[in-house]
Amino acid sequence: MTQPPPVLENEFETEDIFVNMGPQHPSTHGVFRMVLTIDGELITDVTPYVGYMHRGAEKLCETMDYRQGIGYMDRTEYLANFNAELSYVMAVERLAELEVPERATWIRMILCELNRLSSHFMFLGAFGTDVGVFGTAFVYGFRNREVIQDLFEEITGDRLMFAYFRAGGLAWEVPDNFETRVREVLKDSREGLRELDGLMTQNEIFRARTEGVGVITAEDAIDWGTSGPTLRASGVPMDIRRDEPYLFYDQVDFDVITGDHGDVFDRFYGRIREASESIKIIEQCLERLEPGPIVPDRLPRMLRTPAGEVYTRTEAPRGEYGIYLVSKGGNRPHRLKIRSACLSNLQALRDMTIGGYVADAVVILGSLDIVLCEVDR
Amino acid sequence: MNVGLFGIENVNIWVDAVIRLQLIVILMTVVVMGLIYGERKIIGRFQRRLGPMRTGPFGILQSLADALKLVGKEDLRPRGADPWVFELAVYFVFVPVFMAFVAVPFAFDWNVRVLELGLFYVVAISSINIVGWVMAGWASDNRYAMLGALRAAAQGISYELPLILSLIAVSMVVSTDAGRGSLDLGVIVAEQGHIPYIVWQPLAFAIFYVAMLAELNRTPFDIPVGESEVVGGPFVEYSGIRWSMFFLAEYAGLFILSLVGAAVFLGGWAWPLGEEVGPVWQLLLTAGKALLLIFSVFWVRVTMPRMRIDQLMGFSWKVLLPMSFALILVNGLILVYDWPDVVLLASNVVGLIALYLIIDRGITRRRVRPPARAGAATTA
Amino acid sequence: MKGVLKSLGATANAFVRRPVTRQYPEMHRDLPERDRAFPILLWDDDIDEPYCTGCHACERACPVECMTVLMKDNPNHESVGGDSRRRKIIDKFWIDYARCMRCNICVEVCNFEAIAMNNTWTGHEVSVYDRADLVMDLPQLLAQHRAGELDEWVADI
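Residue numbers (my numbering), protein chains in the order written: chain H, 25 to 401; chain P, 715 to 1094; chain S, 442 to 598.
This is the structure in structure tokens:
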């Protein structure tokens, strides 16, 4: 009995392979893991896994009084600590019905915008590495960030974990030379932005790598709950600073930067332009800054809030950073929930990545500018 | 058969070969260590850092320290690896690069062997190492390594062609006593006593330079070893001395291609204004011209983002290869109809402008606004 | 192509400028006066004893519970013939630097201004081989201010 000849198709059957990107991979920005199903170089499926950095910050805050919790907010969002602290203290202030003095508000605004600047520098640097510039963008970005970080250290005493905002105001007064120092830093930052802009934005190879990659439509971006520069790059002009002003954002003049194409390049370039908007805002704030108290007149030694619940949100560099706070009276939250911008932005990763190349996956993840500590909390 | 070596007459040809090869090995090791140190210093400077500073004055012993550390490391092999292929891969990468040094002229009459087909020999032998890359990637039993190896194979083969064709374009128009055309590197260099070929053939140089970057897996073509994508590519599972040999081969390859580029396009050991200079000056000229190329490679490395594999292949097959074919065609016509040398320059300038326009317009995709989904909300 | 040349120009511009690296162990950066390293205890030079009375305020306020405080009757009190007005004084004090998150709350809650954040480089360079060595006891906590090596800074609110 003769065997039938083998079918050619079966001989050459190929199969997709899985590639584990992360949790230990140079370009996953921390301990993020995505399982890529790849057909040659093309990505057919991607499964993201989060949670490697989960430390239970929300639960820990339930065991702490309102002042102790501030330090933990720093640790959830380590690139935009002031924004994280701000959301938290705003929630507490709204619950306890505290009035924040004017000077404290302006200083908070300056610091938050400076923090946005430093966070965007970090993004520009890390993104350059993702696209494949050999460390240059990273070092430039870091150097510029370092200047801002030095200023933060002079003001708050710490380089990263500031713990400087307090419910009601600020922990202590800024140094005497605050204004001149901020202006110096702004000058340096403007120069640094120009440097990074010149290094990357117009480079043809850079544009070839980023334009038309990781496209997400405005509708999908809204559906996935993205926010911040990721959403604005898709053309949705949503900015909490303008739509729902907190601090004194209604008194300053700035543009909401939107993109047209929703691709990686728009997300990158939007951040560069946003950083210059931040510089504009800070300059306006400096002009409005006047001497005055930085905490309310009557601040209790141990802050207690009435029972109730509140949700505050701020426009962090990565998007909407929200704090949902439930109090049953007393000096500590009953429940704290952090609405993380990065986690929501990450939801859109799958839509953006499928159909792209392996190299695109890295760039797309980089363009979302995730902070894993914030995703996993 | 006996030859002369360093002024000594009648040295046995095998003794002579061994001594010369020994010198090449020493030279290669020293140069590679210097290159690694130099690269780290130069890149540091480009990034407003200092680079290595701890080992010796200005960190000058850093390469030595690294080499010692790598030799001392355990030679690991993953359990799933194919032992023979895994360990042989190193030699397939390392030996060809070493062999390519045989034909390179360092100064007039200073080389291991004068080969009439020297240029052909160099490009032929230095393309063998792709086999080693694929072997390393295949045997490592690692998906990143596999991905990197396949990328390396695709890229190596695609850019081999423009590299060779651009060199051939030059070797076609070399005028010798016996007419035009020579593959002897010594002859090509000697012909550039007055004007180096980069002046006559700038397009060929441009193609050669880009293809050289790709051959060496240097940014913007470092796709096979892309740190942020495939974490080191085929070498991800190697450690210790084996890894250091890959590294040595990489930098030796950079040195050899720079030497070839310097010889073919920049005039090697020849003084550009036509004066005869002594062997020491010739050595310095060769080294200086090669280092100039190497410096530019470092400069490009700190500046450029990495290309993507499809763009890379497209650029090779759709842009560089047709252009180098056209170049050869034009050079052939010039030779057949005996047109003046100015036509060489003119055709190259036209080609360069075309290349500029292609990079300017063609490389970036046209962006389209994503279409709105029917029935979805349009604003926040 | 223009953009590529512009990028090359950007790096060339950096190449000709001075590097910004500071060689750390040899060159220490100046720390700002309100720099926060780890908390240390202050020494009352007038009466030659610690300011700390062991009141447990900082221990209770510490978010990470890195402090352990024990108090005792002051042997140097006026009632027993001494010259101190502190009835109680610190007996034993441990701070686990490995746990401390340097939030400054202990300094804020202290009623006697007896604790401060170290703002010198010694506070940052505390690497040890054994984790247990990071638990500082009373003499270690007091040593620096007693030797007068602290740049004092008091927050004005």
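Glycine included, every Cβ here is placed at the ideal spot set by N, Cα and C. Bear in mind that the values here come from a model prediction, so they are computed numbers and not experimental data.
- Counting along the chain, the unbroken alpha helix (DSSP H) around Trp1013 (chain P) starts and ends at 993-1017.
- For Glu339 (chain H), the enclosing beta strand (DSSP E) has its first and last residue at 332-340.
- A direct Cα-Cα distance of roughly 13 Å separates Asn517 (chain S) from Asp485 (chain S).
- For Met860 (chain P), there are no C-beta contacts with chain S under 9 Å, since the nearest C-beta of that chain is about 32 Å from it.
- Phe289 (chain H) counts as buried, since at least 16 other C-beta atoms from the protein chains shown sit within 10 angstroms of its C-beta.
- A straight-line Cα-Cα distance of about 8 Å links Ala984 (chain P) and Glu990 (chain P).
- Burial state of Lys83 (chain H) is exposed, judged by a 10 Å Cβ sphere holding fewer than 16 other Cβ atoms.
- Counting the other CB atoms within 10 Å of its CB gives Ser520 (chain S) a total below 16, which places it among the exposed residues.
- Only residues of its own chain outside the window of five on either side were considered, and among them Asn515, Pro516, Asn517 have a CB closer than 8 Å to the CB of Gly523 (chain S), listed in chain order.
- Membership of Pro810 (chain P) in the alpha helix (DSSP H) is indicated by the continuous run 797-814.
- Under the three-state reduction of DSSP, Gly343 (chain H) is assigned to strand.
- Straight-line measurement puts the Cα of His78 (chain H) at about 30 Å from the Cα of Arg167 (chain H).
- When Cβ-Cβ separations below 8 Å define contact, Thr933 (chain P) makes contact with chain H.
- The beta carbons of Ser213 (chain H) and Leu141 (chain H) sit closer together than 8 Å.
- Put simply, the segment 778-788 of chain P does not touch the segment 814-828 of chain P. Fewer than three CB pairs are less than 8 Å apart.
- Here the C-alpha atom of Pro261 (chain H) lies approximately 16 Å from the C-alpha atom of Asp277 (chain H).
- If the five residues before and after Asp89 (chain H) are omitted, its C-beta is found closer than 6 Å to the C-beta atoms of Asn355, Arg356, all from its own chain and listed in chain order.
- Around Met442 (chain S), the beta-carbon contacts reaching into chain P at under 7 Å are Tyr1070, Ile1073, Asp1074.
- P:Gly981 is the residue among P:Ser1010, P:Gly981, P:Ala928, P:Gly758 whose C-alpha sits nearest the C-alpha of Leu997 (chain P).
- The beta carbon of Gly343 (chain H) sits closer than 8 Å to those of Thr250, Ser251, Gly252, Pro253, Thr254, Leu255, Ala365, Cys366, Ser368, Asn369, all from its chain and outside the five residues before and after it, given in chain order.
- Look at Ile842 (chain P) here: in three-state DSSP terms it is coil, with no helix or strand label.
- The C-beta separation of Leu194 (chain H) from Ala299 (chain H) comes to about 24 Å, leaving the pair out of contact by the 8 Å criterion.
- Nearest neighbour of Pro47 (chain H) by Cα position, chosen from H:Ser351, H:Phe272, H:Tyr76, H:Val124, turns out to be H:Tyr76.
- An exposed status is given to Tyr1070 (chain P), since fewer than 16 other beta-carbon atoms sit within 10 Å of its beta-carbon.
- Here the alpha carbons of Glu215 (chain H) and Gly1002 (chain P) stand approximately 35 Å from one another.
- Legend: CB atoms of the segment 127-149 of chain H lying less than 9 Å from CB atoms of chain P are not found in any residue.
- A Cβ-Cβ separation of about 7 Å places Arg127 (chain H) in contact with Pro315 (chain H) under the 8 Å criterion.
- Taking 9 Å as the upper bound on Cβ-Cβ separation, chain H lies near residues Val461, Arg470, Leu472, Pro473 of the segment 457-473 of chain S.
- Leu877 (chain P) is positioned such that its CB atom lies no closer than 8 Å to that of Ala814 (chain P).
- Taking a cut-off of 8 Å on C-beta distances, the segment 523-538 of chain S touches the segment 474-484 of chain S, as three or more cross pairs fall below it.
- Distance from the CA of Phe151 (chain H) to the CA of Val1016 (chain P), rounded to the nearest whole angstrom, comes to 15 Å.
- Neighbours of Val945 (chain P) across chain H, judged by C-beta separation under 8 Å: His49, Pro50.
- For Ile546 (chain S), the residues of chain H that pass the 7 Å Cβ criterion are Arg91, Gln92, in the order they occur in the chain.
- The beta carbons of Val55 (chain H) and Asn44 (chain H) sit no closer together than 8 Å.
- The Cβ neighbour count for Tyr465 (chain S), taken over all protein chains shown within 10 Å, is under 16; the residue is labelled exposed.
- Separation of Gly286 (chain H) and Leu148 (chain H) (C-alpha to C-alpha, rounded to the nearest whole angstrom) is 18 Å.
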